[in-house]
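Here is the structure we will look at, set down as structure tokens.
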Amino acid sequence: MNTYYLLISAALFALGAYGVLARRSAILVFMSVELMLNAANLALVVFAREQGSPAGQAVALLLIALAAAEVAVGLALVVAIYRTRESTLVDDLAELKG
Amino acid sequence: MIVFNLLAGALLLLTGFLSVYLRNAVHAALALAANFVVMGTVYMVLQARFLGWVQIIVYAGAIMVLFVFVIMLLHAAQAEVGFDPLPWMRPAALAVAAVGFLALAWALGAARAPLAAKASAALLKGGTALALGPELWNTWRYPVLLVAALLLVATVAAVALIRPGKEGA
Amino acid sequence: MLLLTILLPFLGFLTLGLFGRRFREPAPGVLASGLVLLSFLLVVYLALAGGARFAVGDWLPGIPFALLGDRLSIYMALVVTGIGFLIHVYAIGYMAKDPGYSRFFAYFNFFIAMMLTLVFADSYPVMFIGWEGVGLASFLLIGFWYQEWKNADSARKAFVVNRIGDLGFLLGMALLYKLFGTLQISAIREAMASSLVLPAGLALAGTLLFLGAIGKSAQVPLMVWLPDAMAGPTPVSALIHAATMVTAGVYLLARSSFLYANLPDVSYWIAVIGLVTALYAALAALGQWDIKRIIAYSTISQLGYMFLAAGVGAYWIALFHVMTHAFYKALLFLSSGSVIHALGGEQDVRRMGGLRKYLPRTHLHGLAGALSLAGFPLLAGFWSKDAIVSATLSYPFGGVGFYAVALFTAFLTATYAMRWYVLVFLGDYRGQGHPHEAPPVMTLPNDVLALGAVFAGFLALPKPLWNLIEPYLAPALAHVEVQELSPAAEWGLLLVGAAVALAGIYAGYAFFSNYFRRRVPAWYQSFERAGEQGFYADWLYNTFLVNPAKELAFFLGLSDRGLDGGYRYGALGVAALGRWLARLQTGYVRFYALLVLAFAAVFAIWGVIR
Chain A
5 MNTYYLLISA
15 ALFALGAYGV
25 LARRSAILVF
35 MSVELMLNAA
45 NLALVVFARE
55 QGSPAGQAVA
65 LLLIALAAAE
75 VAVGLALVVA
85 IYRTRESTLV
95 DDLAELKG
Chain B
2 MIVFNLLAGA
12 LLLLTGFLSV
22 YLRNAVHAAL
32 ALAANFVVMG
42 TVYMVLQARF
52 LGWVQIIVYA
62 GAIMVLFVFV
72 IMLLHAAQAE
82 VGFDPLPWMR
92 PAALAVAAVG
102 FLALAWALGA
112 ARAPLAAKAS
122 AALLKGGTAL
132 ALGPELWNTW
142 RYPVLLVAAL
152 LLVATVAAVA
162 LIRPGKEGA
Chain C
736 MLLLTILLPF
746 LGFLTLGLFG
756 RRFREPAPGV
766 LASGLVLLSF
776 LLVVYLALAG
786 GARFAVGDWL
796 PGIPFALLGD
806 RLSIYMALVV
816 TGIGFLIHVY
826 AIGYMAKDPG
836 YSRFFAYFNF
846 FIAMMLTLVF
856 ADSYPVMFIG
866 WEGVGLASFL
876 LIGFWYQEWK
886 NADSARKAFV
896 VNRIGDLGFL
906 LGMALLYKLF
916 GTLQISAIRE
926 AMASSLVLPA
936 GLALAGTLLF
946 LGAIGKSAQV
956 PLMVWLPDAM
966 AGPTPVSALI
976 HAATMVTAGV
986 YLLARSSFLY
996 ANLPDVSYWI
1006 AVIGLVTALY
1016 AALAALGQWD
1026 IKRIIAYSTI
1036 SQLGYMFLAA
1046 GVGAYWIALF
1056 HVMTHAFYKA
1066 LLFLSSGSVI
1076 HALGGEQDVR
1086 RMGGLRKYLP
1096 RTHLHGLAGA
1106 LSLAGFPLLA
1116 GFWSKDAIVS
1126 ATLSYPFGGV
1136 GFYAVALFTA
1146 FLTATYAMRW
1156 YVLVFLGDYR
1166 GQGHPHEAPP
1176 VMTLPNDVLA
1186 LGAVFAGFLA
1196 LPKPLWNLIE
1206 PYLAPALAHV
1216 EVQELSPAAE
1226 WGLLLVGAAV
1236 ALAGIYAGYA
1246 FFSNYFRRRV
1256 PAWYQSFERA
1266 GEQGFYADWL
1276 YNTFLVNPAK
1286 ELAFFLGLSD
1296 RGLDGGYRYG
1306 ALGVAALGRW
1316 LARLQTGYVR
1326 FYALLVLAFA
1336 AVFAIWGVIR
């Protein structure tokens, strides 16, 4: 059962990675990042169960809090950028190039 | 139990796929929310009940509502339109994701020597708040405090970033 | 007290250097002269008080800033400040109405301060400060009229040639420090006295120090800068390039006499170089037509005499000659200055002559100086020069060969001294214009100098008579075993010297008094042409040193350019690489994310496989 959920976690992580790369709206990129974070959380919970140690769960809890903080700042950034550029597309922010 | 596991796995993969596939941002957000809810139930099954409820309340509740709210606020439901400057990104992303999945799957599945599943699961005492609390406030005392401070900083930063009157908004 | 002596002229330098423009003529000159006079009085007081010491403990690590007023340095300082004061006064008149009036006196005071530092120094690094300081003053004053290329070039030449000698001084210092662990002169002297065995390498250190002296005192082979140094104003030539600075080399030898007295081989070469210099410059002086260059070559020649004396071990005689030479050479230069002044800048003796009528006072000064230089019996130059000539026989490092050449050079000296005098003052005036006598501010110092040039020799007379200088200086100099000549032999040598000098004087007078009216033998004309060029020393240096060095520099410049090119193309290559790599920097966040994730995947695979 543990390996099963670990494989599910890997699949979700890969889906999130695909989303981060393929999505063009900043908000959707963020959502994909959240998916990746959750996949990691799932792996942590599975490890905790396997080891019989609550440490994995504690870290997962902290990660959820971190994700909340990240989303707050990230979405604030998106809103701030939208205010100046009328766009949420990450490809519109391509001025800084060599 | 097996039925639940199979069903939960299928739902997780389906909603995860939908959340990165659906063109409408609101739909994608809802799919993600569903994914988080299922994830919460899976946590409960995996001896992490407190974490499961936190997942449902914080992720599926607070964070996803925030996402949906911002999507609505910015009229970004149909954002994935217009000229795509990197048309080759989609297959490249697919390739990277596939390679990443294979590597992870190998690492977590085939290449890993699973620990002997003792009565270890019982040690977690179901992962209730009562079981997790002492761990959090003993071993993880300082990280908890740090994360609390980080949340405060993030809140202040978020407010400061979108404060009106800045950047000529 | 010692420090004050140095600081007074330095104060003058600072004041005049910073605020000189606010003074009206002749205030800067009066101020500068007054400060030097005060310095002179202080030195007199020091001489009566019997000397002084001054030291600042840890000036450099292990090397104190030590000043020492012993009899040697006080003697030298008396010459420097005394003659210096007279020349300062003269310059008040000579430099009148020059736009750089206060600048001139600032430099002059700076020179006196640095010269006193050099003289009073009790450690070689302090002496080196003075040494370089007078070099700088010399450079500034040679190029005083820097608007003309020739003057600026002469200044640079003097500076560069001096640097060669200074390198020797520096290396010598380093070697001495290695040998003795200190650079304080009195400490080294004590170390030398207390140890019976000479440290190895001492001869090399002495030679290197001597190289410094060669450069400063314009000895062969570094003599080429001094004739060109006459580009500066005449008081500069008198003060720096005749009376004081150029004798610093002699002073260095005397100061280090405890070293050289133990180094017969080095001393021998000092004497040889001195002799060669004396002969060379005396011959070259016969070919000069510039009134100041004649005296410049005679200065080199007389410095050669001093080195000869120091080389044979007669340090006090060298210093005696320093003093008498300071008097009559300053007098000669200042008389030349008066002549140049009177003729409105004319320096060619071929357009002079007959000036006795126009410049009676200056004529007397010139006569006194020239006769003293020529060694006319009973004048100052006679006593000191004959002391040197006979010292080659009695002092330990001397020899008969030295004596013969020195005597022949004495003959030449008398001849060119008379040539100078005759061409300038006798005969008929060959130029245009109306010469006028110099003002009293210029003639009065010359009167004093003329007195010195005539009577200074009576301070030290041969054996049965009194000798004030040798016992006075003896404690400060190294003791050398003198093989005493009998009084009869000594006076006999003196008579020979007098006869030679008189013969030279007569020859010079007879040959040059109607030089322009008769045919001069062809061999003499070609000799004269060669002498005018200083026997092609400059040409030799240019051909064998300067030009090859220039070619080498040009060649090295080419290779340097090649090297630069290599670096430039290397840099261009790197820049091209950078531009190519910069294309990775697309600006698209998703592209960066792709790279991050792709490499994360690669590392994940690597981690798994490993």
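Just so you know, the protein sequences line up as chains A, B and C, in that order. Each residue of the first sequence is one higher than the one before, counting from 5 in our numbering. Each residue of the second sequence is one higher than the one before, counting from 2 in our numbering. Each residue of the third sequence is one higher than the one before, counting from 736 in our numbering. Beta carbons are placed, not taken as given, at the ideal position from N, Cα and C, and that holds for glycine. No experiment lies behind these values; they were computed from the predicted model shown.
Less than 8 Å between the CB atoms is what I'm expecting for residue i and residue j, so what's the real figure, rounded?
{"i": "A1065/C", "j": "I1052/C", "result": "Contact doesn't hold; Cβ gap of about 20 Å is too wide."}
{"i": "A49/B", "j": "V82/A", "result": "Going by Cβ atoms, the distance from A49/B to V82/A rounds to 31 Å, so no, they are not a contact pair."}
{"i": "L987/C", "j": "A948/C", "result": "5 Å"}
{"i": "Y1138/C", "j": "V1124/C", "result": "6 Å"}
{"i": "G21/B", "j": "G23/A", "result": "Just to set this straight, residue 21/B is Val in the shown sequence, not Gly. Confirmed, Cβ separation roughly 3 Å."}
{"i": "T1059/C", "j": "G1243/C", "result": "Not a contact, Cβ separation roughly 20 Å."}
{"i": "Y836/C", "j": "E760/C", "result": "6 Å"}
{"i": "M1177/C", "j": "S1073/C", "result": "6 Å"}
{"i": "A1145/C", "j": "V1235/C", "result": "5 Å"}
Taking buried to mean at least 16 other C-beta atoms within 10 Å of its own C-beta, is residue i buried or exposed?
{"i": "N886/C", "result": "buried"}
{"i": "R142/B", "result": "exposed"}
{"i": "D901/C", "result": "buried"}
{"i": "G729/C", "result": "Here chain C comprises residues numbered 736 to 1345, so residue 729/C is not present and cannot be evaluated."}
{"i": "K101/A", "result": "exposed"}
{"i": "G747/C", "result": "buried"}
{"i": "L1329/C", "result": "buried"}
{"i": "M1041/C", "result": "buried"}
{"i": "R1318/C", "result": "exposed"}
{"i": "V157/B", "result": "exposed"}
{"i": "G169/B", "result": "Summary for G169/B: the model assigns pLDDT 47, below 50, so the residue's position carries little reliability, and this model does not support an answer."}
{"i": "D1000/C", "result": "exposed"}
{"i": "H1214/C", "result": "exposed"}
In chain C, what lies closer than 8 Å to residue i by C-beta?
{"i": "P86/B", "result": "Y1323"}
{"i": "A21/A", "result": "L1332"}
{"i": "G83/B", "result": "The contacting residues do not exist; G83/B stays about 15 Å from chain C at best."}
{"i": "L25/A", "result": "R1325, A1328, L1329, L1332"}
What does residue i reach in chain C if we use C-beta pairs closer than 7 Å?
{"i": "L39/A", "result": "Within 7 Å Cβ-Cβ: nothing; L39/A doesn't reach chain C, min ~14 Å."}
Using the beta-carbon of each residue, which ones in chain B are nearer than 8 Å to residue i?
{"i": "L1329/C", "result": "M90, A93, A94, V97"}
{"i": "V50/A", "result": "L47"}
{"i": "A1339/C", "result": "G101, A104, L105, A108"}
{"i": "A44/A", "result": "In chain order: nothing, as chain B lies at least about 11 Å away."}
{"i": "F709/C", "result": "With chain C running from 736 to 1345 in the structure shown, residue 709/C is simply not present."}
Interface residues of chain A around residue i at Cβ under 9 Å?
{"i": "M45/B", "result": "The premise fails here: M45/B is roughly 10 Å from chain A at the closest Cβ pair, so nothing lies under 9 Å."}
{"i": "T129/B", "result": "Within chain A, no residue comes near T129/B; the closest Cβ sits about 10 Å away, beyond 9 Å."}
What are the boundary residues of the alpha helix (DSSP H) that includes residue i?
{"i": "V791/C", "result": "Counting along the chain, V791/C falls outside any alpha helix (DSSP H), though it belongs to the beta strand (DSSP E) covering 787-795."}
{"i": "P1170/C", "result": "Unbroken run through P1170/C: none, as it is neither H nor E."}
{"i": "Q55/A", "result": "30-55"}
{"i": "F681/C", "result": "For chain C, the structure presents residues 736 to 1345; residue 681/C sits outside this window and is missing."}
{"i": "T92/A", "result": "Where T92/A is concerned, there is no enclosing alpha helix (DSSP H), given that its DSSP letter is neither H nor E."}
{"i": "R1264/C", "result": "1257-1267"}
{"i": "W141/B", "result": "It is not in any alpha helix (DSSP H) - W141/B carries neither H nor E in the DSSP assignment."}
{"i": "H1056/C", "result": "1050-1077"}
{"i": "N897/C", "result": "884-915"}
{"i": "Q1037/C", "result": "1026-1047"}
{"i": "I1005/C", "result": "999-1020"}
What residues of chain B sit near residue i, judged by a beta carbon separation below 9 Å?
{"i": "V1309/C", "result": "Within chain B, no residue comes near V1309/C; the closest Cβ sits about 29 Å away, beyond 9 Å."}
{"i": "L16/A", "result": "L13, L14, G17, N36, M40"}
{"i": "L97/A", "result": "Near L97/A there are no residues of chain B at all, since even the closest Cβ is about 11 Å away, more than 9 Å."}
If you follow the beta strand (DSSP E) that residue i is in, where does it begin and where does it stop?
{"i": "A77/B", "result": "No beta strand (DSSP E) contains A77/B, which DSSP labels as neither H nor E."}
{"i": "L957/C", "result": "First-last for L957/C: undefined, no H or E at that position."}
{"i": "A801/C", "result": "798-804"}
Kindly list, in the order they appear in chain A, the residues whose Cβ is closer than 8 Å to that of residue i.
{"i": "G10/B", "result": "Y8, Y9, I12"}
Report the neighbours of residue i on chain B: residues whose CB is nearer than 7 Å to its CB, in chain order.
{"i": "A1336/C", "result": "V97, V100, G101, A104"}
Could you name the residues of chain A that residue i contacts, counting a contact when the two beta carbons are closer than 7 Å?
{"i": "V71/B", "result": "I31, L79, V82, V83"}
* In chain order, what residues of the region 29-58 of chain B put their CB closer than 8 Å to some CB of chain A? -> Residues passing the 8 Å Cβ filter: A29, A30, L33, N36, F37, M40, V43, Y44, L47, Q48, A49, F51, L52, V55, Q56.
Chain C contacts from the region 56-89 of chain A (Cβ-Cβ distance under 9 Å)
With the criterion set as a beta carbon lying under 9 Å from some beta carbon of chain C, the region 56-89 of chain A has no members that meet it.
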